Amino acid sequence: MRHTISVLVDNKPGVLARIAGLFSGRGFNIESLSVNETLDPTMSQMTIVTRGDDRVLEQINKQLNKLIDVIKVIDYEKGDENHIERELALIKVAVTDKCRAEVLSIIEIFRCKVIDVGKAHYTVEVTGDENKLNAIIELLRPLGIREIVRSGRVTLQREARVP
């Protein structure tokens, strides 16, 4: 099962390397990793996507909590509605006079935006969940995707909802 682990850490050199080393040293794969400073510049928020059964994920969480620079660990399971997930992709699509309108139509349907235009390409910015990104990629692929860059998932815990 895929899990998204949110880790609040001290913003110090070497913390990312220690956490990545924890995963690799135990044979766990990191599918996606995103790290950035929080509002408090002394802390960073890491979002790690990995796969494993409940026993494996319990071991990962225990090992993360043992690290000195780790402040808080939250493990979100897929389908858990207590958090919001988003990913960013930049997609460079080849365009010709024949397919330019079709590409723009797909971009409009997915509420994306063109951020760069060349004679023979559009660069598209897509933000959304993994399913949205995969869907637009599959629609644009037959038209000629030249390059794709994906940010990896970022996650934020939801606040309690007002009744």
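Its first residue numbered 4, the sequence shown is counted upward by one per residue in this note's numbering. Glycine included, C-beta positions come from ideal geometry on N, C-alpha and C. Keep in mind the model is a prediction, meaning the values are calculated, not measured.
Secondary structure at V38: strand, using DSSP grouped into helix, strand and coil. The residue from R29, L19, R103, G30 with its alpha-carbon nearest to that of T50 is L19. Following the DSSP letters along the chain, one finds S108 in no beta strand (DSSP E) but inside the alpha helix (DSSP H) bounded by residues 103-112. Looking from the CA of P16, the closest CA among G155, N39, N68, R54 belongs to N39. Under the 8 Å Cβ criterion, the region 57-69 does not count as touching the region 89-98, having fewer than three qualifying pairs. Taking A138 as reference, the option from I33, C115, I22, N85 with the minimal CA-CA separation is C115. Contact between L146 and V96 holds: CB atoms are separated by about 6 Å, below the 8 Å threshold. When the five nearest sequence neighbours on each side are left out, the beta carbons in the same chain lying within less than 7 Å of the beta carbon of T7 are those of T50, V52, Y79, E88, R156, T158, in order along the chain.
When the alpha-carbon of D100 is set against those of N85, G121, Q62, the nearest one is in G121.
Membership of K135 in the alpha helix (DSSP H) is indicated by the continuous run 133-147. Going by DSSP, V59 is part of the alpha helix (DSSP H) stretching over 57-69. Taking C-alpha positions only, V98 is separated from V106 by approximately 8 Å. Counting C-beta atoms within 10 angstroms of its own C-beta, V73 has 16 or more neighbours from the protein chains shown and is therefore classed as buried. When secondary structure is reduced to three states using DSSP, R21 falls in the helix class.
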